[in-house]
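There are 2 protein chains.
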Amino acid sequence: MWNSLYEFVRVDRNRELLPIVRPSSRGCPNILFSLENIMPDLKRTLLAADTPRLVLDRSRLAANIRNMQARAEAAGVALRPHIKTHKCVEIAIMQLEAGAAGVTTAKVDEALVFIKAGIPSLTLAYPLLRAKKLDRLLKAAKKRSTGMRFVADSEAGVKALSAAAKRRTMELRVLLKIDVGLHRCGVAPDSADAVELAKLIASTPGLRFTGILSHAGQVYSATNAAEAEAVAQEEAHCMALAKERIEATGLPVREVSVGATPTVLATKDFGPATEIRPGNYVFLDSTCVRLGLAQYRDVALTVLASVVSKNDTYCILDCGSKTLSSDMGAHGGSNGHGFGQAWSLDDRDMAGQPLVVEKLSEEHGFLRRDPDSGWDPDLGERVRIVPNHSCPVANLAVKYLVLNEKGKSRKWSVAARALVR
Amino acid sequence: MWNSLYEFVRVDRNRELLPIVRPSSRGCPNILFSLENIMPDLKRTLLAADTPRLVLDRSRLAANIRNMQARAEAAGVALRPHIKTHKCVEIAIMQLEAGAAGVTTAKVDEALVFIKAGIPSLTLAYPLLRAKKLDRLLKAAKKRSTGMRFVADSEAGVKALSAAAKRRTMELRVLLKIDVGLHRCGVAPDSADAVELAKLIASTPGLRFTGILSHAGQVYSATNAAEAEAVAQEEAHCMALAKERIEATGLPVREVSVGATPTVLATKDFGPATEIRPGNYVFLDSTCVRLGLAQYRDVALTVLASVVSKNDTYCILDCGSKTLSSDMGAHGGSNGHGFGQAWSLDDRDMAGQPLVVEKLSEEHGFLRRDPDSGWDPDLGERVRIVPNHSCPVANLAVKYLVLNEKGKSRKWSVAARALVR
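Chains as they are written, first to last, in this note's numbering: chain Y, -8 to 412; chain Z, -8 to 412.
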């Protein structure tokens, strides 16, 4: 099954080998970037690039991928990253090469990008009801022999999956979606629906009941690491309860898939989970920094922007809501202040105090000037911004400018951007 | 100069002729859509389409274009619509055919789309400082003989334009950007800078001082039509002051360009303006409805979405912040409640009470169920949503599904989407 992935790797001539990065004692290294002797090359590349654009720090990205894989392996669970954050085939391949079991996607059209690229195993973690969507997905998955898993949270969803399985003469693995507190999709772990739907999936022709799946997205409204850990514990509790109740009917729950980046960073005990599905960890953003789960220098994705005008209060940047998004955090959450934190290009480690992007128009960012900060960007100066929520920011861009530790750059496509169907 | 536009029109075989729409007494007609005998065809088309997607109501779009043109002509000013809202060549052509003097764009790469499509006259209403950007724009404009205007609000901007004019042996028309209260780009009308920069532009080789330009974006935080009109009056006052002070130095201010959709809808007296540059009026959105400047049935752009899950509180829709954006309004403004208003497909005129999209995840909308509303969408049911701010919503989509009054559909490309540089 891995053959198809390596076929893809072989034919993609733009692909680099993974860089070798020395891990630091704190787990998320950025040692190479802090060496003063290579800084001029990096800065030169950033000064030459047109703005606004998304810059990916290659060694931070690699470190984030390696660290999460190590965390999963230490806990004895599989890692199946959600690609909604990066939407990029090159990054999915880095994740698989590091040891990920497959990927997770939300929408059918974004799944097709990864299936066609040869990713061998994929969970479509979104309720599907419509024959047309299912058919276009299954056609591609069958052709590529992609290992697929689906979710369902309603009788209508189970019927739609069964009908699609029949049309394409396939057996589909189905996970029951459990609501662990976000109150979005899924059935409550203590509900009659949880048991009845599991039994329905198991007894429906063409479907194989594979386990249960959750997303504790409410963690994004936590205010610190302890609160995030409490959400992870509640998720573990809900999933253990659902598993126990379903297994009491004689039905084995083989897989228990959980995950959001803050919950998996906040705990080492995943309870009954067999798999975690974080997405945001590849890039991180100021939300995880606010929660105390990462530092700014761990963030791999920044927005490079230029000052195009200045007034008494603000430096006006050439990036607005059409670059930074107007998200204050995931799921409508807020980090309290502004739409991004900006640093000087000279502060590679983001160790100093940032200036805040306080307001956004569509193509303008209002960077609040601060006379006490010691940094007042000049007209034309470039800044690097850590966004509140990296996922929608990546979705707004066409390409990443990927920089290695020597300042060499290449471009990767945000291949699954805007594929919301 | 118009030849190049008509060349484009001729070679684009997908382009339809404009529909003939009967204007109603209230100026923004939707008569054809309310005829019951054609509703089944429209509904059939909407039921067949995959979701989520952006639907454009062709006759509402045509009416909005025609009505704004009539408003400009009645006031004796030119209309130069901002394409940031639609980013679509087909719509720009409709605007020009209705009588627009040209178009306005924010960024260089989006301008290139319209230059290459043969749009004959274009204002780049964004401060440009960088030689690389100016050169790629001027190269294309020169090749197509596109009539270009630029803005400047700093000495550095004037120098950059002059250097570019010299490199490409062109004369560039430059408008001085005036800050009329948004406090973003531009110089204050009563400042020494306003007079000095106008004189600098006029005396700089390669540049022709053409006039002054403003954007009263603060109007989006108004709460009613009277407040919006007051912003328009303040803008007119500022522009009259700037014009008078510059002309007192002996320098004629030939053009006075103003505009945002709410200010131009809220007033009939544009003061010293010679040109208006609204953008949002082609689609409208719930912001203009909130201000009392339009009704929901005037809105040409809606998001078609499906219910994919239901819980006690919400219908979960397949459109989240990656479709609706997380904008509460333009320039960070808010309309107070939620991320869109949803109607049943049976309520074509949006006359009934909508349900509110109260929260968003990236790919999920939380539509609040309301037992008193008489409408509780079923699992799988389609809804039509009016967004808070149509501009970023269009920017997130790849195509518009354009429907005419008979339910026939075609697709138009959001050709300048994501072109933020």
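Think of the CB as a built atom: it goes at the ideal place given N, C-alpha and C, for glycine as much as any other residue.
_Cα-Cα separation, L38 of chain Y to A143 of chain Z_ = 22 Å
*How big is the Cα-Cα spacing for R44 of chain Y and L336 of chain Y?*
Distance between the alpha carbons of R44 of chain Y and L336 of chain Y: 14 Å.
*Listing by chain order, which chain Z residues have their CB less than 7 Å from the CB of D318 of chain Y?*
S312, S317
*For a contact meaning CB atoms closer than 9 Å, what does C279 of chain Y contact in chain Z?*
Within chain Z, no residue comes near C279 of chain Y; the closest Cβ sits about 16 Å away, beyond 9 Å.
*asked:* At the 8 Å Cβ level, is D144 of chain Y part of the contact set with chain Z, yes or no?
replied: yes
_Using only CA atoms, which one of Y:K301, Y:N395, Y:E354 lies nearest to L370 of chain Y?_
Y:K301
_C-beta contact flag for I376 of chain Z and Q344 of chain Z at 8 Å_ = no
*To the nearest angstrom, how far is it from the Cα of K402 of chain Z to the Cα of V393 of chain Z?*
Taking C-alpha positions only, K402 of chain Z is separated from V393 of chain Z by approximately 6 Å.
*Please check the pair V389 of chain Y and A409 of chain Z, which I expect to be a contact at CB under 8 Å, by giving their CB distance rounded to whole angstroms.*
6 Å
*What residue range is occupied by the uninterrupted alpha helix (DSSP H) comprising D48 of chain Y?*
In the DSSP annotation of this structure, D48 of chain Y is not part of any alpha helix (DSSP H); the continuous beta strand (DSSP E) holding it starts and ends at 44 to 48.
*asked:* Any beta carbon from chain Y within less than 8 Å of V299 of chain Z's own beta carbon?
replied: yes
*Output the residue ranges of the beta strand (DSSP E) runs that lie fully inside the region 39 to 113 of chain Z and measure 3 residues or longer, sorted by chain position.*
44 to 48, 94 to 96
*Hey, is S352 of chain Z's beta-carbon within less than 8 Å of any beta-carbon in chain Y?*
yes
*So, is the C-beta of T240 of chain Z closer than 8 Å to a C-beta in chain Y?*
no
*Residues of the region 32 to 46 of chain Y whose Cβ lies closer than 8 Å to any Cβ of chain Z, in chain order*: D41, T42, P43, R44
*Can you check whether the CB of Y211 of chain Y is closer than 8 Å to the CB of H322 of chain Y?*
yes
*In its own chain, which residues sit with a C-beta less than 8 Å from the C-beta of E162 of chain Y, not counting the 5 before and 5 after it?*
Close CB contacts of E162 of chain Y within its chain, under the 8 Å cut and outside five residues either way in sequence, are with A156, G197, L198, R199 (chain order).
*Among Z:G109, Z:S381, Z:A285, Z:S205, which one has its Cα closest to the Cα of E266 of chain Z?*
Z:S205
*Output the distance between the C-alpha atoms of E353 of chain Y and S317 of chain Y, rounded to the nearest integer angstrom.*
9 Å
*Give me whichever residues DSSP pairs with E246 of chain Y in a beta bridge.*
Y:G202
*Under a Cβ-count criterion, where at least 16 other Cβ atoms within 10 Å of its own Cβ denotes burial, should T214 of chain Y be classed as buried or exposed?*
exposed
_For C176 of chain Y and I307 of chain Z, what's the separation of their Cα atoms in angstroms?_
7 Å
_As a quick exercise: from Z:V411, Z:V405, Z:A147, pick the residue whose alpha carbon is nearest that of V80 of chain Z._
For the residues Z:V411, Z:V405, Z:A147, the minimum Cα distance to V80 of chain Z belongs to Z:V405.
*Quick one: what does DSSP say K134 of chain Y is sitting in, helix, strand or coil?*
helix
*Residue of Z:L282, Z:E235, Z:E246, Z:D367 minimising C-alpha distance to L70 of chain Z*: Z:E246
*So who's on the other strand from G177 of chain Y, going by DSSP bridges?*
According to DSSP, which records beta bridges pairwise, G177 of chain Y is partnered with nothing at all.
_Let me check understanding here. Comparing Cα to Cα, which of Z:I203, Z:K259, Z:S194, Z:L315 lies closest to A223 of chain Z?_
Of Z:I203, Z:K259, Z:S194, Z:L315, the residue nearest in Cα terms is Z:K259.
*asked:* If you follow the beta strand (DSSP E) that A296 of chain Z is in, where does it begin and where does it stop?
replied: 292 to 301
*Taking only beta-carbon atoms, is I307 of chain Z less than 8 Å away from chain Y?*
yes
*Using three-state DSSP, classify Q209 of chain Y as helix, strand or coil.*
helix
_Can you check whether the C-beta of T98 of chain Z is within less than 8 Å of a C-beta belonging to chain Y?_
A small correction: the amino acid at residue 98 of chain Z is Lys; Thr does not occupy that position in the sequence shown. So, interface residue.
_Classify S364 of chain Z: buried if its beta carbon has 16 or more other beta carbons within 10 angstroms, exposed otherwise._
Label assigned to S364 of chain Z: exposed.
*Can you tell me where the alpha helix (DSSP H) with C382 of chain Y in it begins and where it stops?*
381 to 386
*Closer than 8 Å to chain Y by CB, V389 of chain Z*: With 8 Å as the cut-off, V389 of chain Z counts as an interface residue toward chain Y.
*Taking A147 of chain Y as the query, report the chain Z residues whose CB atoms sit under 7 Å from its CB, ordered along the chain.*
For A147 of chain Y, the C-beta contacts it makes with chain Z under 7 Å involve L370, G371, in order along the chain.
*Using a threshold of 8 Å, state whether the C-beta atoms of H192 of chain Y and V178 of chain Y are closer than that.*
As written in the sequence, residue 192 of chain Y is Ile, which differs from the His given in the question. No; because the gap between Cβ atoms is not below 8 Å, this pair is not in contact.
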